[in-house]
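Worksheet for the structure shown next.
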Amino acid sequence: MANKGDKITSFDEVVGYEDIKSELKIISDMLNNPQKYHDFGAGINEGVILYGRPGTGKTTMANCLIKSTGRKAFICRKKESDGRFVKNIISVFQSAKMNAPSIILLDDLDKFSDCDEEDCDAEEFVTVQSCIDELKGADVFVIATANRIRKIPDSLLRAGRLGQKIAVRMPTDSEIEEIVKHYLKKIKKCEELDEKSIARMMSGESCATLENVINRAAMKAAYNRQAEISMQNILDACLDLVFDAPESSKELPESIREKIAYHEAGHAIAAEILDPGSVSIISIRETDGGDYGFVRYCRSDEKMNHSAEYIEDMIKTSLAGRAATELVFGESDIGANNDLHNAFNKTEYLIDDICMYGFHNWIQDKDSNASAENRNRAMAMLMEKNYLEVKKILARHRELLDKLASELLQKTTLVYSDVQRICKQMV
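As numbered in my numbering, residues 10 to 436 make up the sequence shown, in order.
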């Protein structure tokens, strides 16, 4: 049986996720000290399932729980594609029961069945359900992981079976910074890296992706026979794996590169003026989808309240690329199609869903020509209003726009620290 120190050490292997680790520590403590809980009339009468997107660390957390208890673990993963797997499930449960106290890990439970229907009666799920029921009274705990919990029958997720459901979310921005530091410590040779910029440009990515980026950077450094892993190695790995924008030998005419640079710089300047510190990375590289240039944002919590003001700021930011091109070159930007769709969608939300500009725009009858005319007129006015406002913002900060576009043309990609340096120099 594990002692308290072992329990703490095992969960320290997971960086961040304090809320989820707190839940797992309670389970661990109940398994390690059952009598203390029985004295209060509490006991473990159901298993737990960790669910969430791939790469978020569900299996790692499950293994930390197993390690913290010191119990023998019996792991069940689908490897066979026929009836032999059902026999394997039964065998795992029987072995765990014979070796109690023990733990069963049903890894990737949603993949146990090939059935795509929700709440299906697949043989594999029915077998797991029956086996869990047969554990009553045995000192065997069941923990499962799943990417798509909706694929698992409700009967298996009810109280008394896998009744405790823990959602494993993507790491927060502060957790990403800690995870990046954790992985960088594992690198043998490493120059002084910009940890904050690395974390910011990987905002919203899974733990597995973060680890993969660091590993790819190490591979690049080793292949180039470098003495140390550089920030450029990290940036190149991130562009490859996260943004699908590998370095290309394809060269565009300088006039086109300049327009792309001003377009992306326009987005970045608008975002920085309306929400300082929100730009994580800006690039004019070509992506695998054939598009040129992108900006990723990391919005501050106080701004992301989905107020009307916040949504209008996002509309302005979406329109800023087109506005910058028109301001600098005096022509419409033919590459702003996706930006316009994003802006129109947010504008429609303000007009239709929350009636920001009057109840007369509410569409009770969407087939009514009069209603559609009211909505379209209001949307056009709101789009025009925000387009003129963001164009004024860019005109007032023209020197900053020119400087950012110039550095983009030189370096192709700028990270958070680059954008902040330029803004501090120019503002």
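Cβ atoms here follow ideal geometry from the backbone N, Cα and C, with glycine treated the same way.
Please report the Cβ distance between ALA208 and ILE185, rounded to the nearest whole angstrom; I am assuming they are in contact, meaning their Cβ atoms lie under 8 Å.
Reading the sequence shown from its first residue, position 199 is the one you call residue 208. Reading the sequence shown from its first residue, position 176 is the one you call residue 185. Correct: roughly 5 Å between the Cβ atoms.
Out of LEU409, GLY213, SER122 and ALA332, which one is the CA nearest neighbour of ASN346?
Within the sequence shown, residue 346 is the residue found at index 337, counting from 1. Per the Cα distances, ALA332.
Taking the alpha-carbon positions, what's the CYS216 to GLY25 distance?
Sequence index remark: in the sequence shown, residue 216 carries index 207 (1-based). Sequence index remark: in the sequence shown, residue 25 carries index 16 (1-based). For CYS216 and GLY25, the distance between alpha carbons rounds to 11 Å.
Per DSSP, what are the beta-bridge partners of ILE112 in this structure?
For the purposes of this step, residue 112 is taken as residue 103 along the sequence shown, with counting starting at 1. Per DSSP, ALA82 and PHE150.
Residue burial classification, SER292 (beta-carbon count within 10 angstroms, cutoff 16):
Here residue 292 is taken as the residue at index 283 of the sequence shown, counted from 1. It counts as buried.
Quick one: what does DSSP say SER327 is sitting in, helix, strand or coil?
To locate residue 327, count along the sequence shown from 1; it is residue 318. SER327 falls in the helix class under three-state DSSP.
What's the gap between the Cα of ALA155 and the Cα of ASP123?
Position 146 of the sequence shown holds residue 155. Position 114 of the sequence shown holds residue 123. Roughly 14 Å separates the two Cα atoms.
Is SER19 helix, strand or coil when you go by DSSP?
By one-based count along the sequence shown, residue 19 stands at place 10. DSSP places SER19 in helix when its eight states are reduced to three.
Rounded to the nearest angstrom, what separates ALA147 and ASP130 at their Cα positions?
As a working mapping, residue 147 is identified with position 138 in the sequence shown. As a working mapping, residue 130 is identified with position 121 in the sequence shown. Taking the straight line joining both Cα atoms gives about 26 Å.
Whose C-beta lies closer than 7 Å to the C-beta of VAL23 among residues of the same chain, with five residues either side of it excluded?
For the purposes of this step, residue 23 is identified with residue 14 of the sequence shown, where counting begins at 1. Hits under 7 Å: LYS30, GLY66, THR69, MET70 and CYS73.
Counting C-beta neighbours from all protein chains within 10 Å, is the total for LYS268 16 or more, i.e. buried, or is it exposed?
As a working note, residue 268 is residue 259 in the sequence shown. Result: buried.
Considering only the alpha carbon of each residue, which of ASP342, ALA246, PHE134 and SER289 lies closest to VAL159?
By 1-based counting over the sequence shown, the position of residue 159 is 150. The amino acid at residue 159 is misidentified as Val; the sequence shows Arg. Comparing Cα-Cα distances from ARG159 to each of ASP342, ALA246, PHE134 and SER289, the minimum goes to PHE134.
Skipping 5 residues on each side, what residues in its chain have a beta carbon closer than 8 Å to that of GLU55?
For the purposes of this step, residue 55 is identified with residue 46 of the sequence shown, where counting begins at 1. Contacts found: ALA168, GLY169, ARG170, LEU171, GLY172 and GLN173.
Can the beta-carbon of ALA274 be found closer than 9 Å to that of LEU417?
The residue given as residue 274 occupies position 265 in the sequence shown. The residue given as residue 417 occupies position 408 in the sequence shown. Closer than 9 Å, so yes.
State buried or exposed for SER257, treating a residue as buried only when at least 16 other CB atoms are found within 10 Å of its CB.
Numbered from 1 along the sequence shown, position 248 holds the residue referred to as residue 257. Exposed.
Sorted by chain position, which residues of the same chain lie with C-beta nearer than 8 Å to GLU227's C-beta, five sequence neighbours on each side aside?
Numbered from 1 along the sequence shown, position 218 holds the residue referred to as residue 227. Here residue 227 is Ala; the residue named in the question, Glu, does not match the sequence. Counting only Cβ-Cβ distances below 8 Å, and skipping sequence neighbours, we find ILE196, ILE238 and ASN242.
Mind checking which residues open and close the beta strand (DSSP E) that includes LEU59?
If you number the sequence shown from 1, residue 59 lands on position 50. LEU59 -> beta strand (DSSP E) spans 57-60.
Mind checking whether ARG305 and ILE324 have CB atoms under 9 Å apart?
The residue given as residue 305 occupies position 296 in the sequence shown. The residue given as residue 324 occupies position 315 in the sequence shown. Contact flag unset, no.
Span of the beta strand (DSSP E), counted from its first residue to its last, around THR422:
Counting from one through the sequence shown, the residue named residue 422 turns up at place 413. It spans 422-424 - the beta strand (DSSP E) in which THR422 sits, taken as one unbroken run.
Nearest-angstrom Cα separation, counted from ARG266 out to ARG430
Taking the sequence shown and counting its residues from 1, one reaches residue 430 at position 421. Taking the sequence shown and counting its residues from 1, one reaches residue 266 at position 257. The straight-line gap from Cα to Cα measures roughly 23 Å.
Give the DSSP bridge partners of ALA176, in chain order.
For this step, residue 176 is matched to residue 167 along the sequence shown. Per DSSP, TYR60.
In chain order, which continuous runs of the alpha helix (DSSP H) of length 4 or greater are located wholly inside the region 397-422?
407-420
Inter-residue CB distance, LEU413 and ILE278 (contact presumed, cutoff 8 Å)
Along the sequence shown, one-based indexing puts residue 413 at 404. Along the sequence shown, one-based indexing puts residue 278 at 269. Sure, about 6 Å apart at Cβ, within 8 Å.
Rounded C-alpha distance that separates ASN97 from THR181:
On the sequence shown, residue 97 is found 88 positions in, with the first residue counted as 1. On the sequence shown, residue 181 is found 172 positions in, with the first residue counted as 1. The alpha-carbon atoms of ASN97 and THR181 are separated by roughly 38 Å.
Mapping the DSSP letters down to three states, classify ALA381 as helix, strand or coil.
Here residue 381 refers to the residue found at position 372 of the sequence shown. The answer is helix: DSSP assigns ALA381 an H, G or I state.
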